[in-house]
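> Take this structure, written in structure tokens, and hold onto it; I'll ask about it next.
2 protein chains.
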Amino acid sequence: MSKSGPTSDIHLPGGFAFAAGCAGIKVSGKPDLAYAEALRGATAAAMFTRNRVVAAPVEVGRAHLKCTKSRIRALLVNSGNANCATGAHGLWACEQICFCTAAILKAKSCAIIPCSTGVIGVPLPEQKILAALPDLIAQKSATPEAAMEFARAIMTTDTRPKVASCAFRAGSDTVKVMGVAKGSGMIHPNMATMLVYIFTDAAGSPSELKALLRPAVNETFNCISVDGDTSTNDTVLLMASGESKHRITVGPGRKQFQESLHRICGSLAEQIVSDGEGVKHVVCLQVEEARNRDEAAAVARAIANSPLVKTAWAGSDPNWGRILSAIGSSGVPVDPSRVNIFFGKQCVCRGGVAHPFDSERAHQHLSQPTYEIRVELGRGDASARFLTCDLTAEYVSINADYTT
Amino acid sequence: MSKSGPTSDIHLPGGFAFAAGCAGIKVSGKPDLAYAEALRGATAAAMFTRNRVVAAPVEVGRAHLKCTKSRIRALLVNSGNANCATGAHGLWACEQICFCTAAILKAKSCAIIPCSTGVIGVPLPEQKILAALPDLIAQKSATPEAAMEFARAIMTTDTRPKVASCAFRAGSDTVKVMGVAKGSGMIHPNMATMLVYIFTDAAGSPSELKALLRPAVNETFNCISVDGDTSTNDTVLLMASGESKHRITVGPGRKQFQESLHRICGSLAEQIVSDGEGVKHVVCLQVEEARNRDEAAAVARAIANSPLVKTAWAGSDPNWGRILSAIGSSGVPVDPSRVNIFFGKQCVCRGGVAHPFDSERAHQHLSQPTYEIRVELGRGDASARFLTCDLTAEYVSINADYTT
Chain A
1 MSKSGPTSDI
11 HLPGGFAFAA
21 GCAGIKVSGK
31 PDLAYAEALR
41 GATAAAMFTR
51 NRVVAAPVEV
61 GRAHLKCTKS
71 RIRALLVNSG
81 NANCATGAHG
91 LWACEQICFC
101 TAAILKAKSC
111 AIIPCSTGVI
121 GVPLPEQKIL
131 AALPDLIAQK
141 SATPEAAMEF
151 ARAIMTTDTR
161 PKVASCAFRA
171 GSDTVKVMGV
181 AKGSGMIHPN
191 MATMLVYIFT
201 DAAGSPSELK
211 ALLRPAVNET
221 FNCISVDGDT
231 STNDTVLLMA
241 SGESKHRITV
251 GPGRKQFQES
261 LHRICGSLAE
271 QIVSDGEGVK
281 HVVCLQVEEA
291 RNRDEAAAVA
301 RAIANSPLVK
311 TAWAGSDPNW
321 GRILSAIGSS
331 GVPVDPSRVN
341 IFFGKQCVCR
351 GGVAHPFDSE
361 RAHQHLSQPT
371 YEIRVELGRG
381 DASARFLTCD
391 LTAEYVSINA
401 DYTT
Chain B
405 MSKSGPTSDI
415 HLPGGFAFAA
425 GCAGIKVSGK
435 PDLAYAEALR
445 GATAAAMFTR
455 NRVVAAPVEV
465 GRAHLKCTKS
475 RIRALLVNSG
485 NANCATGAHG
495 LWACEQICFC
505 TAAILKAKSC
515 AIIPCSTGVI
525 GVPLPEQKIL
535 AALPDLIAQK
545 SATPEAAMEF
555 ARAIMTTDTR
565 PKVASCAFRA
575 GSDTVKVMGV
585 AKGSGMIHPN
595 MATMLVYIFT
605 DAAGSPSELK
615 ALLRPAVNET
625 FNCISVDGDT
635 STNDTVLLMA
645 SGESKHRITV
655 GPGRKQFQES
665 LHRICGSLAE
675 QIVSDGEGVK
685 HVVCLQVEEA
695 RNRDEAAAVA
705 RAIANSPLVK
715 TAWAGSDPNW
725 GRILSAIGSS
735 GVPVDPSRVN
745 IFFGKQCVCR
755 GGVAHPFDSE
765 RAHQHLSQPT
775 YEIRVELGRG
785 DASARFLTCD
795 LTAEYVSINA
805 DYTT
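So the sequence lines, in the order shown, correspond to chains A and B. Residue 1 is where the first sequence starts when you use my numbering, and the numbers rise one by one after that. Residue 405 is where the second sequence starts when you use my numbering, and the numbers rise one by one after that.
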């Protein structure tokens with residue numbers, strides 16, 4: 001698999017072309033429009049935010065997928081404005097953009113999927129986007145360079161573009177899968193809506209795609225926690241052009257596709273957590289011996305979302321008492337006297353009480369940019385893996401003045 | 405009502421004596437032992453933490469109240485060590501301290517209520533406490549000065565002692581109620597377990613006390629949120645000596661007692677939120693038009709616990725979009741198009757979309773040390789009031805290196 005390395009390493013799936021442009025939504029003048037076209041159409045599957053407050057493009061995207069039975073022609077993303085809490089105008093602006101994109105492509109309006117990311121509550125300047133559309137679409141190109149430009153144009157506070165791709169042989173076919181994501185962890189997370197687009201040249205029906213996408217998302221993107229907040233615009237979209245002729249449900253290729261999808265989602269999730277000036281440490285939480293996966297995930301989430309635990313991590317402080325306290329407040333009926341906590345290979349808490357440990361070695365472990373903390377609950381044999389990060393003073397400083 | 409002002413303003417309830425001392429648990433050498441004695445006994449009602457991980461003194465305190473049917477003789481608090489995650493030794497040490505206190509008083513061991521606050525997972529140095537006990541108890545005194553020393557000795561990272569008291573006439577009796585608390589908001593919150601002791605010279609059975617304590621705690625201490633974490637040692641204890649002869653269930657005095665208790669709990673809750681170097685703003689969240697109180701409280705809690713919202717407050721940033729997003733992720737099935745948000749008297753979001761507002765005036769409002777944010781949900785007529793605070797870079801810096 002290749003991830004965000006040299007552009008030449010990208011395994012570009014057939015049947016897609018990409019473009020990026022500047023509509024002037026971002027004050028910085030940086031690229032803020034990204035376009036991906038399924039040249040001969042694609043089947044799709046999507047997962048959206050669970051926040052009750054959803055942005056206009058999420059509402060429109062859902063309706064469009066329903067209307068076309070998840071067969072799409074193009075994807076248009078703007079960064080710099082979330083088009084959220086913008087009322088009727090927001091919906092109208094979003095539909096207007098889809099309508100004009102479709103007119104250029106001579107496609108149906110509902111074959112266009114719109115996405116937005118940026119500040120909430122500011123009207124979308126749709127005229128700027130409409131004015132930029134013709135040139136944007138005209139310059140589309142089926143090259144790794146164009147895909148990389150796409151990845152850059154969807155960034156908001158991200159410090160680097162996030163791409164992961166891979167290729168595998170299935171019989172006489174070569175199948176390619178490429179994922180592009182944005183979301184920058186701790187920095188301006190309200191701007192840092194998570195957007196993930198996965199392109200493949202395999203063939204699959206929308207329901208086949210959905211069946212594979214759901215578990216991959218649940219075990220990767222749904223297992224990262226940056227600050228516990230859920231964005232109003234979060235979107236994961238999987239698109240299959242079918243150019244490679246390989247059907248994802250057939251033969252040994254099915255398992256290979258599943259694994260590729262999972263690896264790409266995992267890589268993008270890790271890239272999201274580790275990005276952002278505020279993050280000093282990426283922490284891999286391994287919660288074991290739960291009665292079921294939901295329990296393990298609830299405990300992992302309680303640890304990952306505790307400001308006390310996260311600030312201790314910022315200081316590489318081996319304060320396992322805070323982790324134990326977070327486990328106790330997770331809602332899972334844990335018996336503390338059966339809980340063990342490990343920093344790497346070193347046990348620091350056994351049976352809910354202090355276990356003698358080398359605090360210098362523990363501090364070293366917690367000083368690494370990426371490290372593991374393992375928890376055993378002594379309740380069963382289910383487990384969950386969660387990727388999270390520390391809470392630093394930089395995070396607070398940067399988030400303290402974002403709109404003003 | 406008097407709160408944490410000059411010691412002479414304290415309304416000291418009859419029937420109680422207080423003392424404070426240094427056992428050498430705190431490295432700083434500051435007072436770390438606090439003692440309160442019900443000279444002729446008292447009835448009591450307690451509420452403890454809901455964390456599954458509880459400290460030894462919480463377990464012992466619960467058992468003692470059960471054993472004596474909530475009739476107590478004395479209260480012994482140590483600061484500097486939480487006696488939590490300390491296993492069998494922690495329980496044994498705690499019982500040992502109660503046993504020796506009782507021996508000096510010629511009382512039953514289970515008439516003593518132990519409390520601890522401080523670091524988790526470090527064995528309690530019970531020998532230091534046992535050695536300090538005789539002198540501590542010998543110097544007890546029924547004076548406002550001694551009560552103030554008690555308030556000081558239970559502090560950990562608190563920057564000031566927290567006391568609130570009042571007196572009222574009920575027929576020919578004067579009834580006094582005094583509350584003492586510790587807990588310092590954002591700073592070292594794991595050390596900053598919330599301990600609250602309320603003393604009164606009214607008379608009441610344990611069940612009468614419990615019936616009055618529960619709603620007072622639910623509407624005050626359970627409506628403050630500092631960082632969303634629940635401590636392993638949180639305790640609220642109400643003690644009634646009966647010296648004033650006034651029975652809390654009788655006549656117009658019942659309502660007066662209830663109001664006094666509520667006001668004292670409210671004052672202590674506010675003192676807890678506003679204490680701590682990290683806190684620049686105390687925010688009063690008023691959530692209205694919910695279907696029921698639980699809903700209103702869930703929305704208030706989602707806002708109060710969102711790091712994004714709290715960091716915006718640190719910068720006096722009128723970023724109402726983050727508040728709307730937090731409301732959407734509260735789990736309450738809110739219809740965003742019915743949500744209004746007010747900064748003081750100024751509406752900033754109406755029907756889920758931006759409402760034109762004077763951003764300079766909004767910034768001014770959010771720059772005050774204490775201010776109100778009001779949310780209308782458009783679902784019903786229940787409401788909740790929540791006291792919370794901002795999340796500052798200082799909080800993170802201080803919490804990043806606590807045990808090391």
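Idealized CB from N, CA, C, for every residue including glycine.
1. Within the 8 Å Cβ cut-off, does Gly41/A reach chain B?
2. Taking the alpha-carbon positions, what's the Arg73/A to Ala42/A distance?
3. Quick one: what does DSSP say Ile517/B is sitting in, helix, strand or coil?
4. If you compare alpha carbons, which of Ile676/B, Thr639/B, Asn709/B and Val800/B is closest to Ala449/B?
5. Check whether the Cβ of Ile327/A lies closer than 8 Å to any Cβ atom in chain B.
6. With DSSP collapsed to three states, give me the class of Val800/B.
7. Residues of chain B with CB under 9 Å from Cys349/A, in chain order?
8. Does the segment 431 to 441 of chain B touch the segment 455 to 473 of chain B, meaning 3 or more C-beta pairs lie closer than 8 Å?
9. Residues in its own chain within less than 6 Å of Ser165/A by CB, not counting five upstream and five downstream?
10. Could you work out which residue in Lys245/A, Val332/A, Gly118/A and Leu324/A is closest to Phe342/A when comparing CA atoms only?
11. Helix, strand or coil for Ala354/A, going by three-state DSSP, please let me know.
12. Tell me which same chain residues have a C-beta within less than 8 Å of the C-beta of Ser545/B, skipping the five on either side of it?
13. Of all Cβ atoms in chain A, is any one closer than 8 Å to the Cβ of Thr796/B?
14. Val683/B to Lys714/B, Cα distance in whole Å?
15. Quick one: does Ser367/A have its CB under 8 Å from some CB of chain B?
16. Is the Cβ-Cβ distance between Ala606/B and Ser648/B less than 8 Å?
17. Quick one: does Arg379/A have its CB under 8 Å from some CB of chain B?
18. Determine, for Ser801/B, whether the minimum Cβ-Cβ distance to residues of chain A falls below 8 Å.
19. Pick out whichever of Ala131/A, Arg385/A, Pro333/A and Ala36/A has its Cα sitting closest to the Cα of Asn198/A.
20. Please classify Glu764/B: is it buried, with 16 or more other beta-carbons within 10 angstroms of its beta-carbon, or exposed?
21. DSSP beta-bridge partners for Ile602/B?
22. So, does the CB of Pro31/A fall closer than 8 Å to a CB anywhere in chain B?
23. For Val738/B, which residues from the same chain have a beta carbon less than 8 Å from its beta carbon, with the 5 sequence-adjacent residues on both sides left out?
24. Is any beta-carbon of chain B found at less than 8 Å from that of Met47/A?
25. Grab me the residues of Leu366/A's own chain with a C-beta within less than 8 Å of its C-beta, minus the 5 sequence neighbours each way, in chain order.
26. Can you check whether the C-beta of Pro619/B is within less than 8 Å of a C-beta belonging to chain A?
27. When you compare only the Cα positions, how much space is there between Asp390/A and Val283/A?
28. Just to confirm my understanding: we take Glu372/A, look at its own chain, exclude 5 residues before and 5 after, and list those with CB closer than 7 Å. What are they?
29. Which residues of chain A have a Cβ atom closer than 8 Å to the Cβ of Asn696/B, listed in chain order?
30. Classify Gly522/B as helix, strand or coil using the three-state DSSP reduction.
31. Cα-Cα, which of Gly418/B, Cys498/B and Pro610/B is closest to Pro529/B?
32. Taking the C-alpha atoms as reference points, what is the distance between Pro336/A and Val119/A?
33. Quick one: what does DSSP say Thr411/B is sitting in, helix, strand or coil?
34. Please go through the same chain and pick out, in chain order, the residues whose beta-carbon is closer than 7 Å to the beta-carbon of Met155/A, but skip the five residues on each side of it.
35. Using a Cβ-Cβ cutoff of less than 6 Å, which residues in the same chain neighbour Met595/B once the five nearest sequence positions on both sides are dropped?
36. According to the neighbour-count rule (16 or more other Cβ atoms, all chains shown, within 10 Å of its Cβ), is Glu663/B buried or exposed?
This is what the structure holds:
1. One-based indexing of the first sequence puts residue 41/A at position 41. No, Gly41/A does not count as interfacial toward chain B.
2. One-based indexing of the first sequence puts residue 73/A at position 73. One-based indexing of the first sequence puts residue 42/A at position 42. Answer to the nearest angstrom: the Cα atoms are 6 Å apart.
3. Within the second sequence, numbered from 1, the residue matching residue 517/B stands at position 113. Assignment of Ile517/B by DSSP, reduced to helix, strand and coil, places it in the strand class.
4. On the second sequence, position 45 is the one that residue 449/B refers to. Among Ile676/B, Thr639/B, Asn709/B and Val800/B, the Cα nearest to that of Ala449/B is on Thr639/B.
5. Position 327 of the first sequence, counted from the first residue, corresponds to residue 327/A. Yes, because at least one Cβ of chain B sits closer than 8 Å to the Cβ of Ile327/A.
6. Position 396 of the second sequence holds residue 800/B. In the three-state scheme derived from DSSP, where H, G and I count as helix and E and B as strand, Val800/B is classed as helix.
7. Mapped onto the first sequence, residue 349/A falls at position 349. For Cys349/A, the chain B residues whose C-beta falls within less than 9 Å of its own C-beta are Ala489 and Gly525, listed in chain order.
8. Two segments are said to touch when three or more pairs of C-beta atoms, one from each, lie closer than 8 Å; by this definition the segment 455 to 473 of chain B does not touch the segment 431 to 441 of chain B.
9. Here residue 165/A is taken as the residue at index 165 of the first sequence, counted from 1. Answer for Ser165/A: Ser2, Ile10, His11 and Met178, listed in chain order.
10. What you label residue 342/A is simply residue 342 of the first sequence in a count that begins at 1. Closest option to Phe342/A, Cα to Cα, is Leu324/A.
11. Locating residue 354/A in the first sequence gives position 354, where the first residue counts as 1. Three-state result, Ala354/A: strand.
12. Here residue 545/B corresponds to residue number 141 of the second sequence, with the count starting at 1. Scanning its chain for C-beta atoms nearer than 8 Å, with the 5 sequence neighbours on each side dropped, one finds around Ser545/B the residues Ala421, Phe422 and Ala423, in chain order.
13. Mapped onto the second sequence, residue 796/B falls at position 392. It does: the Cβ of Thr796/B has a partner Cβ on chain A nearer than 8 Å.
14. Residue mapping note: residue 683/B aligns to position 279 of the second sequence, counting from 1. Residue mapping note: residue 714/B aligns to position 310 of the second sequence, counting from 1. Between Val683/B and Lys714/B, the C-alpha separation is close to 11 Å.
15. Working through the first sequence from its first residue, we reach residue 367/A at position 367. No, no contact with chain B.
16. As a working note, residue 606/B is residue 202 in the second sequence. As a working note, residue 648/B is residue 244 in the second sequence. Contact annotation: Ala606/B and Ser648/B have beta-carbon atoms nearer than 8 Å.
17. For the purposes of this step, residue 379/A is taken as the residue at position 379 of the first sequence. Chain B, which has no Cβ nearer than 8 Å to the Cβ of Arg379/A, makes this no.
18. For the purposes of this step, residue 801/B is taken as the residue at position 397 of the second sequence. So, interface residue.
19. For the purposes of this step, residue 198/A is taken as the residue at position 198 of the first sequence. Per the sequence shown, the amino acid found at residue 198/A is Ile instead of Asn. Closest by alpha carbon: Ala36/A.
20. The residue labelled residue 764/B in the question sits at position 360 within the second sequence. The residue in question, Glu764/B, is exposed, as its Cβ has fewer than 16 Cβ neighbours within 10 Å.
21. Position 198 of the second sequence, counting from 1, holds the residue named residue 602/B. Answer by DSSP bridge pairing, in chain order: Gly583/B and Leu642/B.
22. Residue 31/A sits at position 31 when you count from the first residue of the first sequence. Output row for Pro31/A: interface = no.
23. On the second sequence, residue 738/B is found 334 positions in, with the first residue counted as 1. Excluding sequence positions up to five before and after Val738/B, its CB lies within less than 8 Å of the CB of Val703, Ile731, Gly732, Leu781 and Arg783, all in the same chain and listed in chain order.
24. Position 47 of the first sequence, counted from the start, is the residue given in the question as residue 47/A. For Met47/A, the closest Cβ of chain B is not nearer than 8 Å.
25. For the purposes of this step, residue 366/A is taken as residue 366 along the first sequence, with counting starting at 1. Same-chain partners within the cutoff: His281, Trp313, Ser316, Asp317, Pro318 and Phe343.
26. On the second sequence, position 215 is the one that residue 619/B refers to. Put simply, the CB of Pro619/B is far from chain A, with every gap to its CB atoms at 8 Å or more.
27. Taking the first sequence and counting its residues from 1, one reaches residue 390/A at position 390. Taking the first sequence and counting its residues from 1, one reaches residue 283/A at position 283. Distance from the CA atom of Asp390/A to the CA atom of Val283/A, rounded to whole angstroms, is 8 Å.
28. Here residue 372/A refers to the residue found at position 372 of the first sequence. Correct list, in chain order: Cys284, Gln286 and Gly344.
29. Here residue 696/B corresponds to residue number 292 of the second sequence, with the count starting at 1. Within 8 Å Cβ-Cβ: nothing; Asn696/B doesn't reach chain A, min ~17 Å.
30. Looking up residue 522/B in the second sequence gives position 118. Of the three classes helix, strand and coil, the one that applies to Gly522/B here is strand, per DSSP.
31. Residue 529/B sits at position 125 when you count from the first residue of the second sequence. Of Gly418/B, Cys498/B and Pro610/B, the residue nearest in Cα terms is Cys498/B.
32. Taking the first residue of the first sequence as 1, we reach residue 336/A at position 336. Taking the first residue of the first sequence as 1, we reach residue 119/A at position 119. If you draw a straight line from the Cα of Pro336/A to the Cα of Val119/A, it is about 43 Å long.
33. Stepping through the second sequence from its first residue, residue 411/B is reached at position 7. Thr411/B falls in the helix class under three-state DSSP.
34. On the first sequence, position 155 is the one that residue 155/A refers to. Same-chain partners within the cutoff: Ser79, Pro161 and Lys182.
35. Locating residue 595/B in the second sequence gives position 191, counting from the first residue. Low per-residue confidence applies at Met595/B: pLDDT is 42, beneath 50, and the placement is therefore not dependable, though the value from the model is reported in the following sentence. Beyond the five residues adjoining it in sequence on each side, Met595/B comes within less than 6 Å, by CB distance, of Gly522, Thr560 and Thr561 in the same chain, given in chain order.
36. As a position in the second sequence, residue 663/B is number 259, starting the count at 1. Under a 10 Å Cβ-count criterion, Glu663/B is classified as exposed, with fewer than 16 other Cβ atoms of the shown protein chains found around its own Cβ.
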